[in-house]
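Numbering (our numbering), first residue to last: -11 to 230. Each remark here refers to the structure printed beneath this line.
Here it is, written out as structure tokens:
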């Protein structure tokens, strides 16, 4: 028996309300799951966390005769400049691993810029989540007097590295700006939380992993139940009229 003949026999056996319920129970949950998957698909994320931002010299008394603080021939006291030590961490706090192909080193390399001031010493990588790989492959260099850049490296989810740099800035004011482009990231976040303890928080998506798995199943069950009740009510209404 061909498929169409079987379908005709089913048509004689069951009412079209049954077929409507069957098609709805299959189609709508699949469509709903597609929408859910689209809006809940993981995306890469990168954050710069400023851990410390402290002056090398902390002179609280302003009127001290004959006191000079000189750095590289510059009297930073009378020039209203401050020598700041800045430690910041770059962390992939998303669920997606950042691969080398996701960078744009030619047009927008990953790095950090100080809007006003000068980086006076080569930055140093002082810590990393993957010491062996990042220690061997990650490079940081000064490309302008106020800008540093990183070469593209793989940053798996939760990977991070910490950089220490020395900057000469006016009146201790440090304005840091993450620069660069990574595919899938519209903006690199800067978190200046050095006045508080900075911790690597657990992934928000991971804490409800079981709920995330059950959500589509619960959704399909609810839609199927709703369609079944609706179909039964429609059929009952038709029978009462006849």
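Using N, Cα and C, we set each Cβ at its ideal position, and we do this for glycine too. These numbers were taken from a predicted model, which means no experiment stands behind them.
Figure out for me which residue from the options has the closest Cα to the Cα of residue i.
i           : options               : result
residue 160 : 130, 144 and 103      : 103
residue 43  : 74, 134 and 165       : 74
residue 45  : 166, 177, 176 and 155 : 155
residue 118 : 143, 94 and 110       : 143
Once the 5 residues before and after residue i are set aside, which same chain residues still bring their CB inside 6 Å of it?
i           : result
residue 79  : 35 and 148
residue 152 : 75, 112 and 114
residue 130 : 107 and 136
residue 33  : 81 and 82
Spatial neighbours of residue i within its chain, please: C-beta separation below 8 Å, excluding the five flanking residues on both sides.
i           : result
residue 179 : 35, 36, 37, 38 and 186
residue 122 : 113, 116, 141, 147 and 149
residue 56  : 63, 65 and 66
residue 96  : 167, 168 and 169
residue 196 : Bear in mind that a pLDDT of 42 at residue 196, under 50, signals an unreliable position, so the number given afterwards is only what the model happens to contain. Excluding residues within five positions, none has a Cβ falling inside 8 Å.
residue 165 : 100, 101, 102, 103 and 178
Helix, strand or coil for residue i per DSSP?
i           : result
residue 41  : strand
residue 132 : strand
residue 63  : strand
residue 106 : strand
residue 123 : helix
residue 169 : coil
residue 33  : coil
residue 177 : strand
residue 186 : Per-residue confidence for residue 186 stands at a pLDDT of 45, beneath the threshold of 50, marking its modelled position as unreliable; the derived number appears in the next sentence. Looking at residue 186 - three-state DSSP - the assignment turns out to be coil, as it is neither helix nor strand.
residue 143 : strand
Report, in whole angstroms, the separation of the C-beta atoms of residue i and residue j, which I expect to be a contact under 8 Å.
i           : j           : result
residue 133 : residue 107 : 6 Å
residue 176 : residue 101 : About 12 Å; that fails the 8 Å criterion.
residue 85  : residue 145 : 6 Å
residue 105 : residue 157 : 3 Å
Only counting the same chain, and skipping five residues up and downstream in sequence, which positions put a Cβ closer than 7 Å to that of residue i?
i          : result
residue 99 : 135, 136, 137, 138, 167 and 168
residue 41 : 72, 74, 162 and 182
residue 31 : 82, 84 and 172
The ligand MG heavy atoms versus the CB of residue i: any closer than 7 Å?
i          : result
residue 62 : The ligand MG is not among the ligands present in this structure, which contains no ligands whatsoever.
Query raised in the report: Within the chosen definition, does the stretch 162 to 174 reach the stretch 81 to 98 through at least 3 CB pairs nearer than 8 Å?
Result: These segments touch.
**Report entry** Cβ contact (3+ pairs, closer than 8 Å) linking the stretch 118 to 127 and the stretch 63 to 71
**Finding:** Contact between the stretch 118 to 127 and the stretch 63 to 71 is absent, because fewer than three Cβ pairs lie under 8 Å.
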